[in-house]
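Participant: Residue numbers (full-length UniProt numbering): 2 to 681.
Dumping the structure here so I can ask a few things about it.
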Ligand code: BDP
């Protein structure tokens with residue numbers, strides 16, 4: 002444990018069943034061609050790996066060897082051997098290839114850029130660790146998605162909004178932290194291909210308003226330099242009202258010349274300190290954050306004004322589509338928060354500057370365990386788009402419950418919007434191929450903090466890992482992603498791999514079943530969003546109503562109701578509109594349904610709700626059994642840490658089951674057919 006924390010999948014001491022003596026032969030003489038001295042971190046990483054994994058310090062040479070086995074590293078243009086490629090290499094892509102030349106054998110790690118070579122190095126190390134045959138190496142890998150973002154919701158006082166794994170690793174007491182852990186963080190996320198990081202909360206308040214002032218910029222420039230060595234760009238969340246807070250102006254109106262001038266000067270100042278600065282992330286006109294609407298301007302007016310200031314420096318504006326009225330009038334049934342983003346942004350399609358990307362949450366509401374994919378993805382052809390996911394488990398168990406999110410993300414990425422006919426998948430929108438746009442991406446709200454294992458629940462590390470893997474290649478198979486993670490994290494014992502992957506791959510449905518199945522969502526305690534509260538948001542201005550009464554539940558979002566379904570392309574519009582065609586897992590998102598509605602399995606809606614809650618708890622018991630089987634096969638510390646989490650999960654799942662089932666029993670007076678215990 003370096004300084005009291007572990008290194009997740011980068012802990013090179015844990016290993017699978019590999020022949021270390023054989024392997025050592027490749028690593029005793031590493032050839033590194035580095036004429037411009039760009040590969041310091043590649044060298045460092047390999048040194049850590051060889052030392053920890055093989056037990057000796059590797060030596061690096063520039064001379065091309067004539068015999069023996071070697072790892073050969075360098076940019077494609079600098080390599081002394083020719084590498085034939087089956088596929089074209091992109092800027093951040095890499096090649097891993099076995100080549101034999103006379104009496105010498107090489108495994109080559111190469112790319113066009115230093116970042117590419119670094120990504121290749123990490124991938125190479127992973128493959129060595131799981132025992133892949135190096136003589137068969139032949140990989141060309143390019144990231145499909147350009148902007149691969151982590152968004153941290155860290156505050157300068159060290160707290161993290163929706164953070165469940167300790168305090169911030171970036172801030173403490175209004176100071177920026179720069180230490181070994183910052184470096185290890187950078188290694189960790191570079192190893193999964195992340196290339197853009199926003200370090201501070203989208204809600205920019207208090208000291209964070211001043212992050213773009215010289216007092217902070219100096220230190221931020223050091224952080225940005227560290228990031229740069231690992232191919233990562235630093236971005237900051239900023240307040241749209243900065244000209245008022247910092248500039249002393251009486252307005253932040255994006256069309257006001259003084260405001261424009263202020264931003265231009267500010268941006269220039271930022272780039273003076275941080276030449277490779279990435280740009281801004283903005284939460285505007287949302288949950289009390291200021292924005293262009295306050296001045297009667299559009300979201301495009303706001304974003305473009307900032308884009309103009311950033312453009313000369315190659316900076317980007319990441320503008321969130323999470324714009325809605327959080328103080329809605331609950332008496333008006335037609336007001337539907339689900340419609341907000343599309344209603345506001347769709348008419349602006351084509352108006353945003355090229356260096357603006359709109360960051361859209363995956364669902365139309367807010368990171369629930371199940372939502373339909375936001376129709377905005379199929380709605381904008383002329384706008385750069387970033388898919389926003391939440392790795393941190395705000396509504397999905399707060400890193401107490403096991404809830405692997407890769408399966409959900411995969412569904413979202415694979416969702417066909419039909420915006421340009423068949424195969425208009427979300428993943429093809431954000432990889433830029435569907436609409437040919439340049440600045441697209443994927444963003445995940447990070448789930449890490451300063452806990453010894455970074456994510457509090459050890460198995461939540463799989464979410465971070467998977468986010469990176471899917472960001473690199475959204476077509477990758479989730480099962481494969483999970484298995485690789487398990488092997489790198491816990492080793493390749495068959496039972497370990499089998500049980501943990503079963504637990505991970507089923508955990509989302511399990512969580513969904515004992516909380517809010519059928520797309521109902523919410524039912525949590527307001528504010529902190531943990532634990533069951535069936536009417537927590539039912540009578541509040543922040544409402545996300547389900548409108549349960551004694552005979553029916555759900556909101557009619559069809560063309561006959563709030564009209565939300567009209568935001569989708571066909572065939573989704575008709576499918577979602579029809580209670581008999583709507584996918585059942587989303588039934589209550591789109592429809593108001595009587596409790597006695599017969600579902601496809603022949604049972605009523607209510608009986609299904611009861612059953613799922615019981616089954617969900619049983620599944621958690623099964624998870625515990627499966628975990629117990631791994632005792633002795635996993636180190637004791639992590640074994641018992643996860644065990645404790647699972648026990649807590651069980652306790653809380655039981656509470657969910659009982660509170661929700663009782664709620665429905667009381668509402669309806671209809672008993673569980675199987676006569677199980679539901680509180681009267
Ligand atoms: C909600 C969170 C809130 C965030 C907001 C956002 O409860 O803390 O600030 O999303 O995404 O899910 O801006």
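All C-beta atoms, glycine included, are put in the ideal place defined by N, C-alpha and C.
Got a sec: does the ligand BDP put a non-hydrogen atom nearer than 6 Å to the Cβ of residue 133?
Facilitator: No, the ligand BDP has no heavy atom inside 6 Å of this Cβ.
Participant: Do the stretch 83–93 and the stretch 150–165 touch if we need at least three Cβ pairs shorter than 8 Å?
Facilitator: No, the stretch 83–93 does not touch the stretch 150–165.
Participant: Could you tell me whether the Cβ atoms of residue 81 and residue 105 are closer together than 7 Å?
Facilitator: It is not a contact, given that the beta carbons lie outside the stated cut-off.
Participant: Ordered along the chain, which non-local residues of its own chain (more than five positions away) have a Cβ less than 7 Å from that of residue 250?
Facilitator: Only 244, 259, 260, 263 meet the Cβ criterion.
Participant: Per the contact definition of three or more C-beta pairs closer than 8 Å, is the stretch 517–528 in contact with the stretch 556–570?
Facilitator: Short answer: they don't touch.
Participant: Exposed or buried, which one is residue 545 when buried takes at least 16 other CB atoms within 10 Å?
Facilitator: The residue is buried, with at least 16 neighbouring Cβ atoms inside 10 Å.
Participant: Run the CB neighbour count on residue 216, radius 10 Å, all protein chains shown included, and call it buried at 16 or more, exposed below.
Facilitator: Result: exposed.
Participant: Residue 619 to residue 508, Cα distance in whole Å?
Facilitator: Computed Cα separation, rounded: 12 Å.
Participant: Determine the direct distance from the alpha carbon of residue 152 to that of residue 342, and round the result to whole angstroms.
Facilitator: Spanning the two alpha carbons is a distance of roughly 20 Å.
Participant: Can you grab the Cα-Cα spacing for the pair residue 223 / residue 214, in whole Å?
Facilitator: Cα to Cα, the separation comes out at about 15 Å.
Participant: Can you tell me whether DSSP reads residue 240 as helix, strand or coil?
Facilitator: Looking at residue 240 - three-state DSSP - the assignment turns out to be coil, as it is neither helix nor strand.
Participant: Run the CB neighbour count on residue 411, radius 10 Å, all protein chains shown included, and call it buried at 16 or more, exposed below.
Facilitator: Under this definition residue 411 is a buried residue.
Participant: Whose C-beta lies closer than 8 Å to the C-beta of residue 435 among residues of the same chain, with five residues either side of it excluded?
Facilitator: Result list for residue 435: 420, 421, 425, 426, 429, in chain order.
Participant: Where do the N-terminal and C-terminal ends of the alpha helix (DSSP H) with residue 266 fall, by residue?
Facilitator: Counting along the chain, the alpha helix (DSSP H) containing residue 266 begins and ends at 258–274.
Participant: Following a CB-centred definition, is residue 702 positioned closer than 6 Å to any heavy atom of the ligand BDP?
Facilitator: Nothing can be reported for residue 702: it is not among the residues displayed for the chain, which extend from 2 to 681.
Participant: Grouping DSSP H, G and I as helix and E and B as strand, with all else coil, what is residue 468?
Facilitator: It is helical.
Participant: With a floor of 4 residues, list each alpha helix (DSSP H) that falls wholly inside the UniProt domain "Alpha glucuronidase N-terminal" (9–125), ordered by position along the chain.
Facilitator: Counting whole runs of 4 or more residues, the UniProt domain "Alpha glucuronidase N-terminal" (9–125) contains the alpha helix (DSSP H) stretches 21–28, 41–50.
Participant: Suppose you measure from the CA of residue 491 to the CA of residue 318; what does that come to, to the nearest Å?
Facilitator: Their backbone Cα atoms lie some 40 Å apart in a straight line.
Participant: Under 7 Å, do residue 201 and residue 209 count as touching if we go by C-beta distance?
Facilitator: Yes, they are a contact pair.
Participant: To the nearest whole angstrom, what separates the beta carbons of residue 199 and residue 282, a pair I think is in contact under 8 Å?
Facilitator: Indeed, because the Cβ distance is near 5 Å, the residues count as touching under 8 Å.
Participant: Note down, one range per segment and in chain order, each beta strand (DSSP E) of at least 3 residues found wholly within the stretch 342–422.
Facilitator: For the stretch 342–422, whole beta strand (DSSP E) runs of length 3 or above, ordered along the chain, are 357–362, 385–391.
Participant: For a test of your reading of the model: does the CB of residue 163 fall under 6 Å from any non-hydrogen atom of the ligand BDP? Yes or no.
Facilitator: Answer for residue 163: yes, Cβ within range of the ligand BDP.
Participant: What residue range does the alpha helix (DSSP H) around residue 307 cover?
Facilitator: 300–311 is the span of the alpha helix (DSSP H), which, as asked, contains residue 307.
Participant: Give the C-beta separation of residue 86 and residue 141 to the nearest angstrom, bearing in mind that I take them to be a contact with Cβ-Cβ under 8 Å.
Facilitator: Indeed they touch by this definition, with Cβ atoms about 6 Å apart.
Participant: Quick check on this structure: which residue in 485, 606, 601 has the alpha carbon closest to the alpha carbon of residue 594?
Facilitator: Taking only the C-alpha atoms, the option nearest residue 594 is 606.
Participant: Here's the rule: buried if 16 or more other CB atoms are within 10 angstroms of the residue's CB, otherwise exposed. What is residue 207?
Facilitator: The residue is exposed, with fewer than 16 neighbouring Cβ atoms inside 10 Å.
Participant: So what does DSSP say about residue 221, is it helix, strand or coil?
Facilitator: In the structure shown, residue 221 sits in a helix (DSSP, three-state: H, G or I).
Participant: What's the call for residue 338, buried or exposed, on a 16-neighbour Cβ count within 10 Å?
Facilitator: Residue 338 is buried by the Cβ-count criterion.
Participant: I'd like the span of the alpha helix (DSSP H) that includes residue 625, first residue to last.
Facilitator: Taken as a continuous stretch (DSSP letters only), the alpha helix (DSSP H) holding residue 625 covers 606–629.
Participant: Could you tell me if the beta carbon of residue 368 falls within a distance shorter than 6 Å of some heavy atom in the ligand BDP?
Facilitator: Under cutoff, so the answer is yes.
Participant: Mark residue 652 as exposed unless 16 or more other C-beta atoms lie within 10 angstroms of its C-beta, in which case mark it buried.
Facilitator: Exposed, because fewer than 16 other Cβ atoms sit within 10 Å of the Cβ of residue 652.
Participant: Since residue 353 and residue 304 are thought to touch, with beta carbons under 8 Å apart, how far apart are those beta carbons, to the nearest angstrom?
Facilitator: The Cβ separation is near 6 Å, so the contact holds.
Participant: Is residue 289 near the ligand BDP, in the sense that its beta carbon is under 6 Å from a heavy atom of that ligand?
Facilitator: No, since every heavy atom of the ligand BDP falls outside the 6 Å radius drawn around the Cβ of residue 289.
Participant: Between residue 97 and residue 42, which are expected to be in contact by the criterion C-beta below 8 Å, what is the C-beta distance as a whole number of angstroms?
Facilitator: Incorrect: roughly 18 Å between the Cβ atoms, too far for contact.
Participant: Three-state secondary structure (DSSP) at residue 340?
Facilitator: In this structure, residue 340 counts as helix in the three-state DSSP scheme.
Participant: So, are the CB atoms of residue 1 and residue 642 less than 7 Å apart?
Facilitator: There is no way to answer for residue 1, as the model of the chain reaches only from 2 to 681.
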